[in-house]
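There are 2 protein chains.
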Amino acid sequence: MLSVKTKYGLKALIFIAKRESNTPVQISSIAKSENISHKYLESILLTLRKAGFLSSKKGKGGGYYLLKDPKQIMMVDVMRSLEGPIAMVPCVSLNFYEKCKDCIDETSCSVHRLMIEVRDSTLKIFNNKSLYDLV
Amino acid sequence: MLSVKTKYGLKALIFIAKRESNTPVQISSIAKSENISHKYLESILLTLRKAGFLSSKKGKGGGYYLLKDPKQIMMVDVMRSLEGPIAMVPCVSLNFYEKCKDCIDETSCSVHRLMIEVRDSTLKIFNNKSLYDLV
DNA sequence: AATTAACCTATATACCCGATAGGGTATTAA
DNA sequence: TTAATACCCTATCGGGTATATAGGTTAATT
Chain Z
1 MLSVKTKYGL
11 KALIFIAKRE
21 SNTPVQISSI
31 AKSENISHKY
41 LESILLTLRK
51 AGFLSSKKGK
61 GGGYYLLKDP
71 KQIMMVDVMR
81 SLEGPIAMVP
91 CVSLNFYEKC
101 KDCIDETSCS
111 VHRLMIEVRD
121 STLKIFNNKS
131 LYDLV
Chain W
136 MLSVKTKYGL
146 KALIFIAKRE
156 SNTPVQISSI
166 AKSENISHKY
176 LESILLTLRK
186 AGFLSSKKGK
196 GGGYYLLKDP
206 KQIMMVDVMR
216 SLEGPIAMVP
226 CVSLNFYEKC
236 KDCIDETSCS
246 VHRLMIEVRD
256 STLKIFNNKS
266 LYDLV
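Residue numbers (my numbering), protein chains in the order written: chain Z, 1 to 135; chain W, 136 to 270.
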């Protein structure tokens, strides 16, 4: 299941990308338009800024703006910073790998193999989908 | 993320299906071999029985056994009974649909469209994968 | 009748997510 | 220089959910 955090983050990115010019957008403006708690959105945008998708400007007339071209912002990267692993189990995650406690041999685990298949098919989508494609 | 419950359930099904004959397998036998808490596994197998994948036999020599041919047990059904929705968001779920609170128009929601794509690619795998394929 | 093993209900425990509080700091406009 | 604006950061809370356990009940076998 997609966390609310990720959903909000995606909506915020889309909202920012949809604007004609890349002028700063205030948090409150996004929060209002997308029905998101202001404070919670604040922390999400912070994550996106630290991940390098957004930058911000303080003071009057400040806000958040895209740091890269929407065509360069790939879903796979956004998902990983907001949601974490793409994979359904840590033992098949490329970026967040973790060994199963209960599993002795990964290569002989049927669940493992099945989840690799699912991971790859999902990756295929996220790898080829940019923010531009969503807007 | 796949819940531990689903993972255990899948492992149990695979364990049962791997046997030559379809004689009853005791919970403790599965629990021991797969490193799963006996009591927790008990409740999972109960779910699988109620879902129609397994049947059980009480008393000495009792246990759980497959009710259908492994080729007839599709992953999509197993996943839905153990994990619930296949989709990443309720608003694109076929069997567990729920409207978004924050979303006014589904058809114009970019997240919605993206998640439909992911759902379909995952469904494609689970629809065509049987327990037999895993074993 | 005794034993075995599934069945059922209830409860404990731990963890995580979404949300909020409350202040700090940088920038801008006047 | 001052006030207003808006981002920045840490801490914490409340509620829900997932995992796990406990203890007794029922049914089948020997």
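Even glycine gets a Cβ: it sits at the ideal position worked out from N, Cα and C.
Would you report the Cα separation of residue i and residue j, rounded to the nearest angstrom?
i        : j        : result
W:LEU229 : W:ILE260 : 16 angstroms
W:PRO159 : W:GLY196 : 7 angstroms
W:VAL211 : W:LEU181 : 19 angstroms
W:ALA166 : W:LEU176 : 7 angstroms
W:LEU137 : W:LEU258 : 15 angstroms
W:GLY219 : Z:LYS57  : 43 angstroms
W:SER216 : W:PRO205 : 16 angstroms
W:THR242 : Z:ALA12  : 18 angstroms
Z:PHE15  : Z:CYS100 : 39 angstroms
Z:VAL4   : W:ASP255 : 21 angstroms
Z:ILE140 : W:LEU189 : Outside the displayed span of chain Z (1 to 135) sits residue 140 of chain Z, for which this structure offers no information.
Z:LEU131 : Z:LYS50  : 18 angstroms
W:LEU269 : Z:PRO90  : 19 angstroms
W:VAL213 : W:LEU145 : 8 angstroms
W:LEU249 : W:ASP240 : 15 angstroms
W:SER163 : W:ILE171 : 9 angstroms
Z:TYR8   : Z:GLU117 : 28 angstroms
Z:GLU34  : Z:SER43  : 15 angstroms
W:GLN161 : W:TYR200 : 9 angstroms
W:ASN157 : W:TYR232 : 37 angstroms
W:LEU183 : Z:VAL92  : 25 angstroms
Z:GLN72  : Z:GLY63  : 21 angstroms
Z:ILE67  : Z:GLY52  : Correcting the residue type first, residue 67 of chain Z is Leu in the shown sequence and not Ile. The alpha-carbon atoms of Z:LEU67 and Z:GLY52 are separated by roughly 7 angstroms.
Z:LYS39  : W:HIS247 : 24 angstroms
Z:ASP102 : Z:MET74  : 34 angstroms
Z:ASN127 : W:GLY194 : 53 angstroms
Z:CYS109 : W:ALA152 : 14 angstroms
W:LYS264 : Z:LYS129 : 26 angstroms
Go ahead and pull the three-state DSSP assignment for residue i.
i        : result
W:VAL224 : coil
W:VAL314 : It is not possible to answer for residue 314 of chain W, since the shown part of chain W is limited to 136 through 270.
W:GLU218 : coil
Z:ALA51  : coil
Z:GLU106 : helix
Z:SER33  : helix
Z:TYR97  : coil
Z:SER3   : coil
W:GLU177 : helix
Z:ASP69  : coil
Z:ARG19  : coil
For residue i, which residues does DSSP report across the bridge?
i        : result
Z:GLY63  : Z:LYS57
W:MET209 : W:SER265
W:VAL160 : W:TYR199
Can a CB atom of chain W be found closer than 9 angstroms to the CB of residue i?
i        : result
Z:PHE53  : no
Z:LYS99  : no
Z:LEU134 : yes
Z:ASN35  : yes
Z:MET88  : yes
Z:VAL118 : yes
Z:LEU10  : yes
Z:LEU2   : yes
Z:LYS7   : yes
Z:LYS129 : yes
Z:ILE30  : no
Verify the contact flag: residue i, CB atom, against every heavy atom of the ligand ZN, threshold strictly below 8 angstroms.
i        : result
W:HIS173 : Looking for the ligand ZN in the displayed structure turns up nothing, as the structure carries no ligands at all.
From the beta carbon of residue i, is the nearest beta carbon of chain Z less than 9 angstroms away?
i        : result
W:PRO220 : yes
W:ASP237 : yes
W:ARG248 : yes
W:LYS259 : yes
W:MET210 : yes
W:SER245 : yes
W:SER256 : yes
W:ILE149 : yes
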